[in-house]
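Have a look at the structure below, then the notes.
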Amino acid sequence: MKKWGILIVALIMVTSVLAACGQNKNNAGGNAPATENQGAADNGGSNGGAGKKLILGLSADFPPYEFRDSKGEIVGFDVEIAKEIAKDLGAELEIKDMLFDSLLNELESGRIDLVISGLSPTPERAEQVDLSKIYYKAEQAVVTVTENKDKYATMESLEGVKIGVQKSSIQEDIAKEIAGAKLTSLGKISDIIMQLQTGRVDAAIIEGPVAESFVKNVDGITITDAKPVTEDEGYVVGVKKGNTELLDQVNTTLDRLIEDGSIDKFVTEASELAEQ
Ligand code: ARG
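Mapped onto mature numbering (1 follows the signal peptide of the UniProt record, and there is no 0), the consecutive letters of the sequence shown carry residue numbers -19 to -1, 1 to 257.
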C-alpha cells in the first residue's frame, strides 16, 4: 500500500513537471509566435463582419513602427494602420509577433493574413507575396558607439568593418554591397544594439526612425553622418499572392489614411510613445 502511495505521488509530480514544461514552451518558446488580441475594430460592423478575423504578422522590435509599450502591449504606427484596415473590413484584428525573417513565409502559408512591419518593397519580395502601395518613406541610418561617430561618418569608412543588420532585411542587402564588410545578421534589432554596445560589431545599419528611437533610449550609441542608399524605398503592406480582395481593401484604406493625414499623425504619436 505504502509503495503504491509513493508511486502515485511520484507520478503526479512527474506529470505536473511535464505540464509546466509544456506551458513554458508555449509562453516563452523562442520562436513561437506570441498572439495578442487587440480591441476589435467595430466587430460585427456594417457588412456583417461578426466573427471575421484579420491576422496581422509583425516583428515588434521596431519602434516607432511596432514595439511593446511598458505594459507589454504591441503598439506603433503600423499597428494603427492595421486597426484601420480591420475596421474597414469589419473584422477583428489579431496580432502575431514573430521574427522578421519568418514573416513572408508565414504569409505564404496562410497562417497570417497580412504583414505590416516596416516592410520595404523589393523585387524578390514582390515575387513571393503581393505588395500594397507605399504608405510611408524614411531614410537609412548608420549607428555606432558615440566615440566612433566620426570614424564611421561615410559609407566608405564602413569598408572592411563588422556590421550588424537584421536578418533578411534590406539593410542586410545594403551591407553586402560594402566591400570587405563582415556581416552579423541577427533576428532582432535589440540584439544588434547589444552587439554594438559590447563591441562585437562596429556599426549597424538601421531604418532612420528606428535608429533615432534606439539612440534616444540607449546610452552610448549615436547616428553617424554616413548615408546608406537603397532603391527599395518606402514601406508597403504584404498579403498572400493572389489575395486581390484584401489587397484592394488595404490600398483603399491606405489612400484614405494618406489623404486625411492620419499616417503622419500615427507616426508622431507612435514616436512620442516610443520615447516614454
Ligand atoms: N525595411 C526593412 C526591410 O524591409 C527592415 C524592416 C524590419 N522590420 C521590423 N519590424 N523589424 O527589410
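Ideal placement from N, C-alpha and C gives every residue a C-beta, glycine not left out. Just so it is clear, the structure is predicted and the values come from calculations on it, not from any experiment.
- Under the three-state reduction of DSSP, Leu100 is assigned to coil, being neither helix nor strand.
- With 5 Å as the limit, the residues whose C-beta approaches any heavy atom of the ligand ARG more closely are Ser40, Phe43, Phe81, Ser98, Gly99, Leu100, Ser101, Ser150, Ile151, in sequence along the chain.
- Assigned with DSSP and collapsed to three states, Gly145 falls in strand.
- Spanning the alpha carbons of Ala162 and Glu47 requires a straight line of approximately 29 Å.
- For Val182, there is no enclosing alpha helix (DSSP H), as DSSP gives it neither H nor E.
- Around the beta carbon of Arg181, fewer than 16 other beta carbons sit within 10 angstroms, so the residue counts as exposed.
- Your pair Pro45 and Gly215 does not check out as a contact, with CB atoms roughly 16 Å apart and the cut at 8 Å.
- Rounded to whole angstroms, the gap between the alpha carbons of Ala184 and Lys52 is 31 Å.
- The alpha carbon of Ala156 has as its nearest neighbour, out of Glu188, Lys132, Val126, the alpha carbon of Glu188.
- When Asp245, Gly219, Thr125 are compared, the shortest CA-CA separation from Ile202 is found for Thr125.
- For Asn224, the CB contacts under 7 Å within the same chain, skipping 5 residues up- and downstream, are Asp111 in chain order.
- Where Ile93 is concerned, there is no enclosing alpha helix (DSSP H), because DSSP gives it neither an H nor an E.
- In its chain, beyond the 5 residues on either side, Val146, Ile186 have a beta carbon closer than 6 Å to the beta carbon of Gln152.
- Take the alpha-carbon of Lys169 and the one of Phe43: they are about 9 Å apart.
- Exclusion of the five residues before and after Asp59 leaves Leu39, Tyr46, Glu47, Ile97, Ser98, Gly99 as the residues of its chain whose Cβ lies within less than 7 Å of its Cβ.
- CA-to-CA, the gap between Glu140 and Ala160 works out to about 5 Å.
- Look at the beta carbons and you see the region 217 to 237 not touching the region 189 to 199: under three pairs across the two are nearer than 8 Å.
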